[in-house]
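Counting from 1, position 112 in the sequence shown corresponds to residue 196 in the working numbering; the numbering is continuous, with no gaps.
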Amino acid sequence: MAGGGFCRLPNGTVVVALTLTRPADGTGPGSGTGAGPGAPVRVLVHAVNRARALTRLRNLGLRAVYLRGNDQPPTPDEVTAVLHHPDGLLWRAAPQPDLAARPGGPGRQASAPGSSCQELWHPIRALLGPAGYAGPSGFSGRAGR
């Protein structure tokens, strides 16, 4: 399920987009997003290079994060969203393929008027929950100086 990709921006930085499974210890039952624990989520990271983007996610506790290939690069809308966010780390529920839109697919009825809209992007803190990364531990490495 861990599909993803990246795109290099004109200034040399990259935007990495990954589809991961939602951690089980996130906030509440989907925190109002419709994505419960184990549901696929799309995570966007803006960083200097691909390695640093993955390191940012690993430092937040998402340990098994790898980028293999470029089969699902970020869309222009995703790039715009992550560039306009101060943290450069966003997520939302991964879009599910609409089975009713396919010819011969189950349920040829029209979907609800608002169901085709995608949800808004959330800061990474909302995905990790209250027990997420709380910043440096306070140890500066200069003890006794």
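Just so it is clear, CB atoms sit at the ideal spot from N, CA and C, and this is done for glycine as well.
Buried or exposed, going by whether 16 or more other CB atoms sit within 10 Å of the CB of residue i?
i	result
ARG176	buried
ALA148	exposed
What number of angstroms, rounded off, separates the C-alpha of residue i from the C-alpha of residue j?
i	j	result
ARG126	PRO157	11 Å
ASN133	ARG142	15 Å
PRO121	GLY96	35 Å
ALA210	ARG140	16 Å
ARG136	GLY153	17 Å
Which same chain residues, not among the five before or five after residue i, have their C-beta less than 6 Å away from its C-beta?
i	result
VAL99	CYS91, HIS130, PRO158, VAL163, VAL166
TRP205	ALA165, LEU174, ARG176
Please name the residue in the options whose C-alpha comes closest to that of residue i.
i	options	result
GLY89	ALA123, ALA101, GLY96	ALA101
PRO124	LEU174, ARG106, ARG152	ARG106
GLY172	PRO160, ARG152, ASP155, ILE208	ILE208
LEU93	LEU174, PRO160, HIS206, ARG152	PRO160
Compare the beta carbon distance of residue i and residue j with 8 Å and say whether it is the shorter of the two.
i	j	result
LEU212	GLY145	yes
Grab me the residues of residue i's own chain with a C-beta within less than 8 Å of its C-beta, minus the 5 sequence neighbours each way, in chain order.
i	result
PRO179	ARG126, GLN202
Using a Cβ-Cβ distance cut-off of 8 Å, determine whether residue i contacts chain B.
i	result
GLU162	Judged by its chain identifiers, the structure shown contains no chain B, having just a single protein chain.
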